[in-house]
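Each residue of the sequence shown is one higher than the one before, counting from 4 in the working numbering. Think of the CB as a built atom: it goes at the ideal place given N, C-alpha and C, for glycine as much as any other residue. Input: a single structure, listed below in structure tokens.
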Amino acid sequence: MASITIRDVKKSYAKAQVVHGVNLDIASGEFVVILGPSGCGKSTLLRMIAGLEEISDGTIAIDGKVVNKLEPRERGCAMVFQNYALYPHMSVAQNIGYSLKVAGVAAAQRNQRIQAVARILELEHLLDRKPAALSGGQRQRVAMGRAMIREPKVFLFDEPLSNLDAKLRVQMRSEIRKLHRRLGATSVFVTHDQVEAMTLADRLVVMNGGRVEQVGTPAEIYGRPASRFVASFVGAPAMNILEGVVALDGISLLEGSRRLPMPRAGLPVGTKVAMGIRPEAVRMVDPGAAGAVEATVDFVEELGAGRVVYVDLDGASFSVVTSESAHPAPGSTIGLKFSPSDMHFFSSETGARLDFFVASLPEPVV
Ligand SMILES: Nc1ncnc2c1ncn2[C@@H]1O[C@H](COP(=O)(O)OP(=O)(O)OP(=O)(O)O)[C@@H](O)[C@H]1O
Ligand SMILES: [Mg+2]
């Protein structure tokens, strides 16, 4: 087990800077997930930890020791990739044991370690098979076995599940989690899949454009997103965001004349804000109900256990997650209700979270 300390780490390719000063402390034994859109620098950061990519500026330390100049094999990290590229002509056992063979470990000891790893990954009955005769999930487990057998201090995963079908992905997710509980090795897992990130992480690091937007537990990131970017990126369906201007008695939507309730204390009248509310925090009520906002139903998406109702709110599109049996028809008018305490506010200019509402909140006044 090992801690990882990342200080002001930057990365440039030729003239293009792709990582802009990342700071991050990963505790020994922690499972950290780096989440962000394609091209935000996740793999680059992971590869710099592994030593597969040179660090342009800043330092990375593993267990307190700066590793900037160390070769990958000297860092005690094992990496599992999306394309696990097993050797096709070797059996599962040979694939798992290959690095030990290269390192000159004697056959008897090698076999013992292969057996131990195979037991943990439930690959014992497959040790003689060739990769071509394995399912996708089994291949991925062999790839993990190959990493595990080196008994690394740190596991680095770069989207290892994205080539698997949805069902297998869920299954492998819980296997990785179980494995982590069992081995307790420090793990850094990169993904652009927010469900994967939320379910796996002790702590989440949300990246955007080569910068860290927020670090926190999945609950913190979901409950108090630090920026508009994090708010829209985490959660499915995405958080509803309405542009507004602070008026005397609440927020006015830019695209309409409606007033939405807002805490009275706080921002100056005229300030432009983005108000966010999660689809699961909105309730559908009768259009005439007290305090309800009227909206027109666009379409409904069935989820099995519930549904997502997409509505038009003064020209802005808005979604509502409901488990009720009511099935509103497209074109019909419904009422929406939400509590001011479920609202998130972000600066329209910087996107940063605005936490000005500390006083008591008024009832909806729409
Ligand atoms: N060898 C390279 N030369 C130049 N630019 C590169 C190189 N490798 C990556 N980049 C650029 O660096 C940025 C970050 O890439 P990176 O692979 O880290 O993104 P990512 O977050 O892992 O994305 P994805 O989710 O698509 O894998 C991208 O804009 C990419 O085009
Ligand atoms: Mg990547």
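Annotation: the continuous beta strand (DSSP E) that includes R206 extends over 206-211. In chain order, F34, F158, H183 place their CB closer than 6 Å to the CB of S190, counting only its own chain and leaving out the 5 sequence neighbours on each side. With a threshold of 6 Å, the Cβ atom of V36 does not count as near ligand 1, since no heavy atom of the ligand is closer than that. The Cβ neighbour count for Y87, taken over all protein chains shown within 10 Å, is at least 16; the residue is labelled buried. Taking the Cα positions, Y313 is about 46 Å away from G54.
In the structure shown, R116 falls within a helical segment according to DSSP collapsed to helix, strand and coil. When secondary structure is reduced to three states using DSSP, F84 falls in the coil class, being assigned neither helix nor strand. CA-to-CA, the gap between R310 and G219 works out to about 29 Å.
E305: member of the beta strand (DSSP E) spanning 296-305, first to last residue. Every alpha helix (DSSP H) stretch that sits fully inside the region 118-186 and reaches 4 residues is listed by chain position as 139-151, 169-186. In this structure, T325 and E297 do not form a Cβ contact; the two beta carbons are roughly 17 Å apart against a cut-off of 8 Å. Spanning the alpha carbons of V70 and I52 requires a straight line of approximately 8 Å.
The C-beta of K68 has fewer than 16 other C-beta atoms within 10 Å across all chains shown, which makes the residue exposed.
Counted as a single uninterrupted DSSP element, the stretch harbouring N26 is not any alpha helix (DSSP H) but the beta strand (DSSP E) occupying residues 19-29. In terms of Cα proximity to V12, the closest of A5, H23, S6, S102 is H23.
Taking 7 Å as the cut-off, the Cβ atoms of G213 and G44 count as close. Excluding five sequence positions before and after A250, the CB atoms of its chain that fall closer than 7 Å to its own CB belong to R262, V272, given in chain order. Y16 sits in a strand when the DSSP states are folded into three classes. Here the alpha carbons of L316 and F341 stand approximately 14 Å from one another. A straight line joining the alpha-carbon of L130 with that of M93 spans about 10 Å. H347 has G279 as its beta-bridge partners, per DSSP.
For A332 against V288, the beta-carbon gap comes to about 16 Å, at or over 8 Å, which does not count as contact.
Note on geometry: alpha-carbon atoms of F84 and R227 lie some 31 Å from one another.
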